[in-house]
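Residue numbers (mature numbering (1 follows the signal peptide of the UniProt record, and there is no 0)): -19 to -1, 1 to 496. What follows is a single structure, written as structure tokens, with notes after it.
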């Protein structure tokens, strides 16, 4: 056990580093450090099952080969014994407990139960807390726990209904295995959809990068939609700002505190927090400020979604302030996300435009001028800048397209092999090329080839994981839950994708083992 833990320590460090880099790439600067840390831990544990599976396969292959060698060596002795002695001999050889045989048992237990708690308790509660409009941290956590418990309760009710329906249909109470199979089928179905999309999309995206003219045209078309989305986000923010202003005016008109409200001091604190959040985006950047309009829409989305549009001379309730607080936070994040998406598309257009024209970006003469004057190696800096420009120009002109074509063809080959394995699962004979290759590596010298076996087993699993997770990160139907690169993602998007990532690793591993 000590040896396997020592070998897993570098793996844990590598997984945590990979998860931290992903969170840094996706997380917006506005995301708090605890949320980033939680997302990093969830991503690392989600990748843990993928990393453990090749190690477990190699260990089990070695144990199986060692056990068969021992059995063959004592075949002559067993033939001379009676049945009882043979049974005793077998029990002596294989009397080790599963924990002693499989040293990855404890890491698997830690991975499974930690991801189970994250996927069903920690991540949902934290995500709902971030979406909550409550004004205190304790109230947000309580609101998140209540919404998560409601979702779990609905699932439990559906499970009870399914058990009763299956019991009536099968005329038996032994329906738990069927429910487990249905649960695994749900995970396998989701993995199949994401995997099928990724197996086609990943090579296609790499191949499309070799045609900068088409990418430039596509970026310019996407810029139109991004510009329209940015206008809509700014107008939606304006709508909620108007609702907050109307609520504040109603509060100022009312002198006495209503009996159904909490104490005056707490109520004023809630109003001050709401106004402070509203004023944080009162003055936007010049580009966004120019998109504001003085003409309010008569039937805006905010008014349609608003539960109380008139106050009838009474103060707004605390629930109404909480509702406005939640919607305002979401509207502000939409503006930030739409602006960042617009800037990324504009930058892509410039990049592909330079690529089509054959030019390389030149650094301005005044850039880093003060640093060069104070540097102790000004001559080296003057030599490195032209060298970097030359390398970048050589990459764009001579190496970029062949490299992307090679990567596209390689990933397309892996996709074809994986699709072949998936298509031949129902065949009686094992036609998987990956299995044949692993059998060649797992020969009589399996002890010496353990590392090579793990690498060979990891390559298809790593590629399948890349296809599944990249497809998951690209899902745009979840709105604010969609991940966006270049540090554009809200904390809710990080936790939502981390929740599904830790859920999908086990169906993904099962699908890999079937091949």
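All C-beta atoms in this analysis are idealised placements derived from N, C-alpha and C, irrespective of residue type, glycine included. Since we're looking at a predicted model, the values are computed, not measured.
- Check the Cα spacing between residue 265 and each of 256, 229 and 215: the tightest is with 215.
- Secondary structure at residue 470: strand, using DSSP grouped into helix, strand and coil.
- With respect to the C-alpha of residue 90, the residue from 408, 30, 117 and 418 having the closest C-alpha is 30.
- Annotation: residue 133 to residue 192 spans about 48 Å, alpha carbon to alpha carbon.
- Just so you know, the alpha carbons of residue 248 and residue 472 end up roughly 28 Å apart.
- If you draw a straight line from the Cα of residue 415 to the Cα of residue 303, it is about 55 Å long.
- For residue 306, the uninterrupted alpha helix (DSSP H) segment begins and ends at 299 to 338.
- Nearest to residue 448 by C-alpha distance, out of 417, 401, 400 and 175, is 175.
- Taking the Cα positions, residue 478 is about 25 Å away from residue 395.
- The C-beta distance from residue 305 to residue 221 rounds to 7 Å, short enough to fall under 8 Å.
- Between the C-alpha atoms of residue 324 and residue 334 there is a straight-line separation of about 15 Å.
- The DSSP-derived three-state label of residue 126 is helix.
- DSSP places residue 8 in the strand class (E or B) of the three-state scheme.
- Within the model, the alpha-carbon separation for residue 300 versus residue 2 is close to 39 Å.
- The continuous alpha helix (DSSP H) containing residue 393 extends over residues 381 to 404.
- Contiguous alpha helix (DSSP H) elements confined to the segment 222 to 276 occur at 245 to 260 and 267 to 270, taking only those with 4 or more residues.
- Residue 116 places its beta carbon 9 Å or farther from that of residue 7.
- Residue 416 carries a helical assignment under DSSP once its states are collapsed to helix, strand and coil.
- In the pairwise beta carbon analysis, the segment 126 to 145 is classified as touching the segment 94 to 108: at least three pairs are separated by under 8 Å.
- Between residue 4 and residue 453 the beta-carbon gap is near 15 Å, outside 8 Å, which marks them as no contact.
- Residue 439 places its beta carbon 9 Å or farther from that of residue -6.
- Excluding five sequence positions before and after residue 195, the CB atoms of its chain that fall closer than 7 Å to its own CB belong to 189, given in chain order.
- The Cβ atoms of residue 84 and residue 40 lie closer than 9 Å to each other.
- Residue 86: member of the alpha helix (DSSP H) spanning 86 to 98, first to last residue.
- A straight-line Cα-Cα distance of about 31 Å links residue 320 and residue 230.
- Between the alpha carbons of residue 213 and residue 234 lies a distance of about 32 Å.
- Residue 445 sits in a helix when the DSSP states are folded into three classes.
- In this structure, the alpha-carbon of residue 336 lies about 7 Å from that of residue 377.
- Exposed is the label assigned to residue -11, since fewer than 16 other Cβ atoms lie within 10 Å of its Cβ.
- For residue 112, the enclosing alpha helix (DSSP H) begins and ends at 104 to 112.
- Burial state of residue 490 is buried, judged by a 10 Å Cβ sphere holding 16 or more other Cβ atoms.
- For residue 191, the three-state secondary structure derived from DSSP is coil.
- With contacts defined as CB atoms closer than 9 Å, residue 38 and residue 485 fail to qualify as a contacting pair.
- Around the beta carbon of residue 184, 16 or more other beta carbons sit within 10 angstroms, so the residue counts as buried.
- The shortest C-alpha to C-alpha distance from residue 209 to any of 339, 412 and 315 is the one to 315.
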